[in-house]
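Novice: The structure that follows is given in the form of structure tokens.
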Amino acid sequence: MSEVPTRSFMDDPNIKWKSGKPNYDLVNEKYLKEKKSNHPVDSLEKLVENAAKTFEMESTHKMDLNEWGSIADKDTFKFIVNGNYEFSAEDCLNRGNYQMLLAGCPLYNLNAHTCETSLALFQKAFDQGFAWELTELFSGPPKIVFSWRHWTNWTGKLGNREPTNDYIEMTGMSKVIVNDDLKMISAEVFYDPNPMMAKLLGLEEHANKDFPKPTDM
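Counting with the UniProt record's numbering, you get residues 1 to 217 for the letters of the sequence shown.
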């Protein structure tokens, strides 16, 4: 195993991708240069980190749930955000990560976007890659609990807003239940998206206050 992140289930030439096989070279480079944790390559931390990256890849880029290798059962899998928003595997496929993870964020208008447009919006804004790392592992299988860090610099346009090169960082916690094959039965994510969105919209003074109505961004 290498320090370079491993995203599994990508090599079958018959995989049906939403818009071509993704390339992670840029974000892998950012991860290696800027990560704060140094987990041994054969550690449980590294295994869990790679599993999380694999799930993100599949839920973002694969068209066919039958080709997902990260989840135990496509019919019963649950993805839960901040204890309030529960999604099925089918939701993961059709909504995409941003539409799920920003559910309930008052500065993001879910109805203005689709899976495809939300991904394009943030990929353009974070065009140097949006790196992610597991920071600390609190419990192992079958109930895996860990903290994480997600970071980048705002270097590309976000809708009509010009980039500022500001540093963007989110931190959070996750709880993942796995089966004996370490495939995900369910995954829960706990984090606050509001400071990131407030920074992107120039509304940092609202970060811990009442927010204005969301824009069409």
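Glycine included, each C-beta is placed from N, C-alpha and C at the ideal position.
Computed from a predicted model, the values in this text were never measured in an experiment.
1) Identify which residue in T114, V48, T155 and N82 has its Cα closest to the Cα of T164.
2) Indicate whether the contact test is met: 3 or more Cβ pairs, each with one atom in the segment 116 to 123 and one in the segment 132 to 141, closer than 8 angstroms.
3) Just tell me which of L65, C105 and G83 has its CA closest to the CA of D91.
4) If Y85 sits next to A103, beta carbons under 8 angstroms apart, how far is it from one beta carbon to the other, in whole angstroms?
5) Sort W17, P5, N38 and E45 by Cα distance to L26 and report the nearest one.
6) Is the beta carbon of T60 closer than 8 angstroms to that of G96?
7) So is K16 buried or exposed if we call it buried at 16+ other beta carbons inside 10 Å?
8) Helix, strand or coil, according to DSSP, for H150 in the structure here?
9) Does the segment 125 to 136 come close enough to the segment 27 to 41 that 3 or more CB-CB pairs lie under 8 angstroms?
10) Would you identify the three-state DSSP class for S118, choosing helix, strand or coil?
11) Could you tell me which uninterrupted beta strand (DSSP E) segments, each at least 3 residues in length, are contained entirely in the segment 131 to 177, listed from first to last along the chain?
12) Who pairs with A187 in a beta bridge, going by DSSP?
13) Helix, strand or coil for E86? Go by DSSP, reduced to three states.
14) Which value, in whole angstroms, describes the spacing of the CA atoms of N160 and A125?
15) Would you report the Cα separation of R7 and A72, rounded to the nearest angstrom?
16) For M63 and L93, I'd like the C-alpha separation in whole angstroms.
17) Which residues share a DSSP beta bridge with I71?
18) Could you give the distance in angstroms between the alpha-carbon of N109 and the alpha-carbon of S186?
19) Looking at the strands, I want to know which residues DSSP matches up with K199.
Specialist: Based on what the coordinates show:
1) T155
2) no
3) L65
4) 4 angstroms
5) P5
6) yes
7) exposed
8) strand
9) yes
10) helix
11) 131 to 139 and 143 to 153
12) F79 and V176
13) strand
14) 11 angstroms
15) 17 angstroms
16) 7 angstroms
17) M184
18) 26 angstroms
19) Looking at the DSSP assignment, K199 forms no beta bridge with any residue, so it has no partner.
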